[in-house]
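Q: Residue numbers (our numbering): 1 to 121.
Here you go:
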């Protein structure tokens, strides 16, 4: 069995987080620029907003780019829209691609709570 050191572990985690940060920033800036004509919008987000979007980049298939309406809501600081756009589901399809079930993910409750806290100090 091969073990890695704590330093190797930390370096791997930091590298992954750096990639997620860059992906979140790029996708957010692109969608906000296309929608609102705003450049470098990422720099205007607070730390909680950035962390919220990075969570999607890391944990949701397709990352933040698959949630353009969430990013638009974040740009407008519209908490109710952020909450609505943050909901994620496990969708099961039959062999023809038809939806047979749509179950909310367990993480929805935590994301809704975090959305409520985005603009609190």
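Every residue gets a Cβ at the ideal spot worked out from N, C-alpha and C, and that includes glycine.
Nothing here was measured: the structure is a model prediction, and the numbers come from that model.
Just to confirm, are residue 48 and residue 112 a CB contact at a threshold of 8 Å?
A: Taking the chain shown and counting its residues from 1, the one referred to as residue 48 is at position 48. Taking the chain shown and counting its residues from 1, the one referred to as residue 112 is at position 112. Cβ atoms of residue 48 and residue 112: not closer than 8 Å.
Q: Measure the C-alpha to C-alpha separation of residue 10 and residue 94 and round it to an integer number of angstroms.
A: Position 10 of the chain shown, counted from the start, is the residue given in the question as residue 10. Position 94 of the chain shown, counted from the start, is the residue given in the question as residue 94. Distance between the alpha carbons of residue 10 and residue 94: 41 Å.
Q: Taking the straight line between their C-alpha atoms, what separation do you get for residue 102 and residue 61?
A: As a position in the chain shown, residue 102 is number 102, starting the count at 1. As a position in the chain shown, residue 61 is number 61, starting the count at 1. Taking the straight line from one Cα to the other gives about 16 Å.
Q: Assuming residue 64 contacts residue 71 (C-beta within less than 8 Å), just tell me the rounded distance between them.
A: Sequence index remark: in the chain shown, residue 64 carries index 64 (1-based). Sequence index remark: in the chain shown, residue 71 carries index 71 (1-based). Confirmed, about 6 Å.
Q: Are residue 108 and residue 87 closer than 8 Å when you measure CB to CB?
A: Within the chain shown, the letter at position 108 stands for residue 108. Within the chain shown, the letter at position 87 stands for residue 87. Yes, the pair counts as a contact, with Cβ atoms nearer than the cut-off.
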